[in-house]
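Position 770 of the sequence shown, counting from 1, maps to 770 under full-length UniProt numbering, and the rest follow consecutively. The beta carbon of each residue, even a glycine, is placed where N, CA and C say it ideally should be. All values derive from a computational prediction rather than experimental measurement.
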Amino acid sequence: MMTPEKLETLIFNNDREDLFVSAVSQLSEKERKTLSTHTNKLRNQITSGKAKADASKLVKRSIEKHSANYWGTQAYSNVQLAVLAFCPLSTVKRAIDFFSWRDNSAAFQIILDRKPAWLDDWLAFNLDQEFANVPFELVRGWMKEGICNKPTVEGYTRQFAWNLMAINHRKDQAPNKPISERLINEPDMIDDIWRLFEVENQAFNTESWLTNNAPANYETWPEALTKLADKGIIDRAKLLDASLQGLSNDLKQNQLSGFHKFHEQLAPTKTERSQRRAEYMALLFHKTGHVLKFSLKMLSQLERDKSLELTKFLIDVAAVFAHEAKGNAITALKLIARILKKEKDRVPCALPTMAEALRHPNADVQALAIELLTTYNEQMSDDFKSELLITADFVADANKPLLMSLLGKTNNTLGTISELNKVDSSVLSRQLSELSVLQRETLGLGNIDLEDDLKGDIQPLKPEIIKDKHFHMPDLLEPITEFDELIQALSHAVEIIDEPEDVERILDGISRLCGEYPREFDKKTSPLLKRINDGGSFETMKGLLGFGGGLLLSITDLVLTWLTGEFYQSKDTSYFSRTPSLDPMIVKVNNIKRRVYAKKPQQLLSFPTHKGGWIDPVTWVNRLNIAFANDAEFDRMDFNHSMLRLMPYGRKTALQLVRNLPENIETVVKFVLGESLTPEYKDRRDYDLWISACRSLDPNQDWSSYLSPLKLNDNYPNSIKPAYYEWNALTKVERGYKFPGLKVTAFAQSLIEPDADIQKNKTGFLSSLGRKLTGEVTVDRKLIPSAGFNATEKLKYIWSCDLGCLWINQWLSTLWPTNPDAFYVLAVTQQISRIDMDSSSFEPNFGFLSGLFEPNRVWSELAHLTLFLGLVGKDSDSRALAVDAFIEAVDNDLASQEIMAGILVKLTQAGWLKFNRLAEGLKQVTQVSATHRYFVSRMLQIWLPQIDLKLRNIHLVLEVLLDVQTALNQKVSTHVSESLKDLKGKTKAAITASRIVKAGSEASEIVRQIKLNLIASRLALVEVTEAQVRC
């Protein structure tokens, strides 16, 4: 008889899975049921890394030994087998998250011996998960044994496709049989072939890496199906139809690409093509570009076959111009031109389609459409020309003169003036004259001469403008003050965090309510605790919790400590990299956890009063007064972090409210609120408080002289000295492959390397002795959040649990609202690693861009770099958000054309900048307003003369410049013009450059009004309302 004690021995003291199988093989279902609960408890203890108080010594000893890396242990493999052997379906669904056995034969035999009635249900559930883990050969084996039916879920088809196409690289096993051979030997699988065209799978998107080092007889799915069709084993006509029908299914693009490539591989004959012309024509309305390309290719072949329905095609092909891709639109217009050259009587039905092409966003498509329309100008009625005039708003500015010439109209480029406010330059001149030189420099207007036709460029705003004169008050952030509200917020946050402020509210809510345990606490929290123990939605990286390590694990421990009353202190796993710059926040969370365990509630000083991480100084002082009046614990990290979040306004008012704080704390508080105080030698024990207060007052100032009485040995960036960042774009070469790279280094202002702190802060015996003799104190970066945010170390693993979490990426810029540069370093490091990769839910880099939308922060160089890496990357989510951030930065006057141009110079020199992506993003920005066109124009004119204009695809950027110069009616600068004249010949770049040099006039009224509007908006920043200053 199997007892719980024997089961524990089998799980924890047994390294042979076959012994486990034989030990349980003869048990009845009733006997198995008696061991189910104990098995589940053992598994929960293993996966949580925490043994129960009443657990046996064997269990406690084993779990303690492998608490952090349980999934690689034999005990975990054995307990998974025990779940299959003893537990009901509900537990199996939850517990078997992946197959970890060395040999799957053990799992196969356990199921075969047990013959569970739930096997069909479990396979259907498991195979339909995103990461199905039951091996296909096990499923086939159980089917052959007659203990389960063939699964009908899509996951079975995915496993079927992958298993047959996979290559067995294990040298101790024979290579897999070719697909065609397996299908012939197991004919029941031939019926499964048609599902390959209906569900997501990898059968038709074979990658080159898959066939590398493949055996000589290896077959891809297309090769196998073609071979079987040629032999008559599979119906060829049905394969042709299935491949076309598959294109109509809602599947991933690479799979659709595989379908039409397979269709072409089958090489349909002229007759077979003619039989399917309706299907080819219908694909003109497909949403995917490469499917449209296939459709146009087949229709072009039908035209050559003389079997194309010409009138229907000339009407339906208009759908192609609804897509942004240039290639298909050009192909469509060329096919139209070919048809009309032979069939001139069909021009009337083609004219509306050519007119539709004018709405296409690509300038080359528009130009070709205008050229084609010009050819048939005589057949255009006046009414049709009037309709064409309406499309002028869609036509690129560079093409408008061509369209107007076709229509016999005058091109009026001055229309954009109407969107600008009329500004009286004499009023501005008077206002400028009343400003000091410093004020003009801060406003970026030091070089402007209104009396001399606006000569001089408008420079970027200085960061001090936010601190001194202007602040946009963000929305209020309400704290959680009720227990039920906290449970509701936590229950939602376990699944998904809607916005990073939710995390602030939860951390503060737990801290302030940890002394309140209502009568029905266990009843109300048990569903939440069960959800957490079951894994929550940790695999999606969208929720509050995580078990990999770092900040997510610390928050998980905090939540579990509050829910259970037990002190959770989990170890980081060795498979994920910790993010050192988040250590200050981990310290803060762990301090909260300590108080929660001791049931000592208190509000967090660092809880933001407003969105964006900002704290109202008046509210902050009130919190301090209440905290010390109630003898609350003084949390140094919480206090230091709270100072970094203080708004620049309201400090004078708050200073008047400081009451009865401890002397050392009160001095720092008054200093950070604006009182002129100087630290003394005796204050050195509170050096972390003083440094944080200094960084709050001015993040960019060198405070080393001011803090010299403290005698600190400190060379960390953003400690007593501000951080200075150097970065370089480069191309990395690894194993013969080239990758985009970026190196960012942080220094203190004196350019001392931060991460060599062991050497720079001199920890040797003589250095230590010297400091003792001089009374010098070595600064501990871990105590100072502003310095800790810059902490870096070489990562053992590239992937970070924390940085794979969207809400953390969005939250980073709110930790120090006035100076998030340390987190932009994290952003650009993550961005460059995925610069040529598609969007990913596991590494949602677009979250890093959220900090760019803060209106109270002039952009630093790293902020600009974060924007451009989002703009020129392949990640569509990041690119879309980068365009929005760019637009808002121009609207809010936070970005610098000079900094942008400098960044583009470096990225261009690195050799991996994609001009097509850059041009696409800039084009979207320029379409917003005349001001946005002017901004992009000036940026491009600073950048382009500094680079090689013969680079591939540079014409795409030049086309953007041509558009904006035409729209602004402005000539480019002499410097730019001379650079463009070096481009000669008939290349796209040379032709566009020639047009740019000729475009516009010397004195553009549009540009003049734009500059006057910008100056007026800058001068308006000087006007501060009483409500904003609050003093």
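{"Asked": "Pro88 and Ser36 closer than 8 Å at C-beta", "Found": "yes"}
{"Asked": "Sequence-distant residues of the same chain with beta carbon closer than 7 Å to Leu644, five excluded per side", "Found": "Ser692, Arg695, Ser696, Pro785, Ser786 and Trp816"}
{"Asked": "C-beta atoms of Asn1013 and Val423 nearer than 8 Å", "Found": "yes"}
{"Asked": "Bridge-paired residues (DSSP) for Thr731", "Found": "Pro740"}
{"Asked": "Leu712, DSSP secondary structure in three states", "Found": "strand"}
{"Asked": "CB-CB length for Gln265 against Thr226, believed under 8 Å", "Found": "6 Å"}
{"Asked": "Where Gln932 falls: helix, strand or coil (DSSP)", "Found": "The displayed chain sequence assigns His, not Gln, to residue 932. Residue state, collapsed to three classes: helix."}
{"Asked": "Euclidean distance between Cα positions of Pro352 and Leu358", "Found": "10 Å"}
{"Asked": "Of the residues Lys670, Thr653, Arg651 and Lys652, the one placed nearest Asn660, counting alpha carbons only", "Found": "Lys670"}
{"Asked": "Own chain, CB closer than 6 Å to Tyr156, minus 5 neighbours either side, in chain order", "Found": "Leu127"}
{"Asked": "Where the alpha helix (DSSP H) through Tyr218 begins and ends", "Found": "No alpha helix (DSSP H) contains Tyr218, which DSSP labels as neither H nor E."}
{"Asked": "Proximity below 8 Å, CB of Leu112 to CB of Ile147", "Found": "yes"}
{"Asked": "Spatially closest choice to Gly1000 from Phe607, Val320, Ser973 and Pro648, by CA coordinates", "Found": "Ser973"}
{"Asked": "Residue nearest to Thr269 in terms of C-alpha spacing, selected from His290, Ala880, Arg236 and Gly258", "Found": "Arg236"}
{"Asked": "Exposure of Gly515, with buried meaning 16 or more beta-carbon neighbours within 10 Å", "Found": "exposed"}
{"Asked": "Where the alpha helix (DSSP H) through residue 1034 begins and ends", "Found": "In this structure the chain extends from 1 to 1031, so residue 1034 is not present and cannot be described."}
{"Asked": "Residue(s) in a DSSP beta bridge with Thr926", "Found": "The partner list for Thr926 (beta bridge, DSSP) is empty, contrary to what the question assumes."}
{"Asked": "Whole-angstrom distance between His492 and Pro531, CA atom to CA atom", "Found": "Reading off the sequence, residue 531 comes out as Arg, not Pro. About 11 Å."}
{"Asked": "Thr561 burial status per 10 Å Cβ neighbour count (16 or more: buried)", "Found": "buried"}
{"Asked": "Which residues DSSP lists as bridging Pro717, in chain order", "Found": "Lys721"}
{"Asked": "Neighbourhood of Leu624 by C-beta, 8 Å cutoff - its chain only, sequence neighbours within 5 removed", "Found": "Leu605, Val658, Leu661, Ile665 and Val669"}
{"Asked": "The alpha helix (DSSP H) enclosing Thr375, as first and last residue numbers", "Found": "Ala363 to Thr375"}
{"Asked": "Touch test, the region 632–639 against the region 874–882, Cβ-Cβ under 8 Å, three pairs minimum", "Found": "no"}
{"Asked": "Under the three-state DSSP convention, the category Ala278 falls into", "Found": "helix"}
{"Asked": "Ser937 versus Leu913: straight-line alpha-carbon distance, rounded", "Found": "19 Å"}
{"Asked": "Buried/exposed call for Leu904, threshold 16 Cβ in 10 Å", "Found": "buried"}
{"Asked": "Reduced DSSP secondary structure (H/G/I, E/B, other) of Phe747", "Found": "strand"}
{"Asked": "Contact check, Leu961 vs Ile996, beta carbons under 8 Å", "Found": "yes"}
{"Asked": "Beta-carbon spacing of Leu81, Val92 below 8 Å", "Found": "no"}
{"Asked": "Beta-bridge partners of Ser1001, as assigned by DSSP", "Found": "Gln970"}
{"Asked": "Residue(s) in a DSSP beta bridge with Lys455", "Found": "Asp449"}
{"Asked": "Reduced DSSP secondary structure (H/G/I, E/B, other) of His260", "Found": "helix"}
{"Asked": "Nonlocal neighbours in the same chain, by C-beta distance under 6 Å from Asp963, ignoring five residues either side", "Found": "Ala396, Asp397 and Ala398"}
{"Asked": "C-beta atoms of Phe789 and Phe739 nearer than 8 Å", "Found": "no"}
{"Asked": "Host alpha helix (DSSP H) of Val134 (start-end)", "Found": "First-last for Val134: undefined, no H or E at that position."}
{"Asked": "Buried or exposed (CB count within 10 angstroms, at least 16 for buried), Asp948", "Found": "exposed"}
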